[in-house]
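Colleague: Numbering (the numbering used here), first residue to last: 4 to 128. Think of the CB as a built atom: it goes at the ideal place given N, C-alpha and C, for glycine as much as any other residue.
#1: Suppose you measure from the CA of residue 18 to the CA of residue 47; what does that come to, to the nearest Å?
#2: Go through the region 5-42 residue by residue and report every complete run of the beta strand (DSSP E) that reaches 3 residues or more, in order.
#3: Taking residue 58 as the reference, which of 5, 15, 32, 12 has the closest Cα?
#4: Going by DSSP, what residue range makes up the beta strand (DSSP E) through residue 69?
#5: From this set, 63, 5, 21, which residue's C-alpha is nearest residue 11's C-alpha?
#6: Quick one: what's got a C-beta closer than 6 angstroms to residue 69's C-beta in the same chain, skipping five residues either side?
#7: Output needed for residue 82: all residues of its chain with C-beta closer than 6 angstroms, excluding positions within five of it in sequence on either side, in chain order.
#8: Can you list, in chain order, the residues of its chain whose CB lies under 6 angstroms from that of residue 4, leaving out five sequence neighbours each side?
#9: By DSSP's criteria, residue 45 is part of a beta bridge. Which residues make up the other side?
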C-alpha cells in the first residue's frame with residue numbers, strides 16, 4: 004500500500020501520512036478526506052503544483068488542500084467605524100500604508116518624541 008503526505012490547510016490545518024490504494028485519484032482522496040464540500044472552493048496541489056481530480060496518486064506524493072476563501076473574511080470595512088467625541092466617524096481599521104501618520108492623518112508620528120513622552124521627559128514643540 005502506498006502513502007502520501009496529506010496537508011489540510013482548512014480550519015486549524017494538519018498534516019499526516021495517509022495510506023492510499025493503488026490507482027487512487029486526487030478526486031477520490033479529496034472526497035474521502037473532505038466529504039461533500041465543493042472542490043472548486045479549494046486550491047489542490049500535488050508536489051506544490053496545481054493538479055486535476057483525475058491525477059493518479061503516487062507513493063510519496065505531497066498533497067495539499069487550501070481553501071481559496073477564508074470564512075468570515077471580507078473587503079467591507081463599513082462595520083469598522085466608530086464615532087469620536089466630536090461626532091466625526093473614524094475608521095478602526097489600521098492604516099495599511101506605512102506613511103508614518105496617525106489613522107486620522109493629522110500629523111506624522113515621531114517615534115523618538117513618543118518614547119521621550121513615555122519616559123516622562125518634556126516633549127519638543
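Modeller: Reading from the atomic positions:
#1: Separation of residue 18 and residue 47 (C-alpha to C-alpha, rounded to the nearest whole angstrom) is 14 angstroms.
#2: DSSP runs (the beta strand (DSSP E)) wholly in the region 5-42: 5-11, 17-23.
#3: Answer by Cα proximity: 32.
#4: Residue 69 -> beta strand (DSSP E) spans 65-70.
#5: Measuring from the Cα of residue 11, the nearest candidate turns out to be 21.
#6: If we look at residue 69 and ignore the five residues flanking it on each side, its Cβ neighbours are 12, 46.
#7: Because residue 82 sits at a pLDDT of 49, beneath the cut-off of 50, its placement in the model cannot be relied upon, and the following sentence gives the value as read from the coordinates. Short of 6 angstroms from the beta carbon of residue 82, and not among the five residues preceding or following it, lies no beta carbon of its own chain.
#8: 22.
#9: In the DSSP assignment, residue 45 forms a beta bridge with 70.
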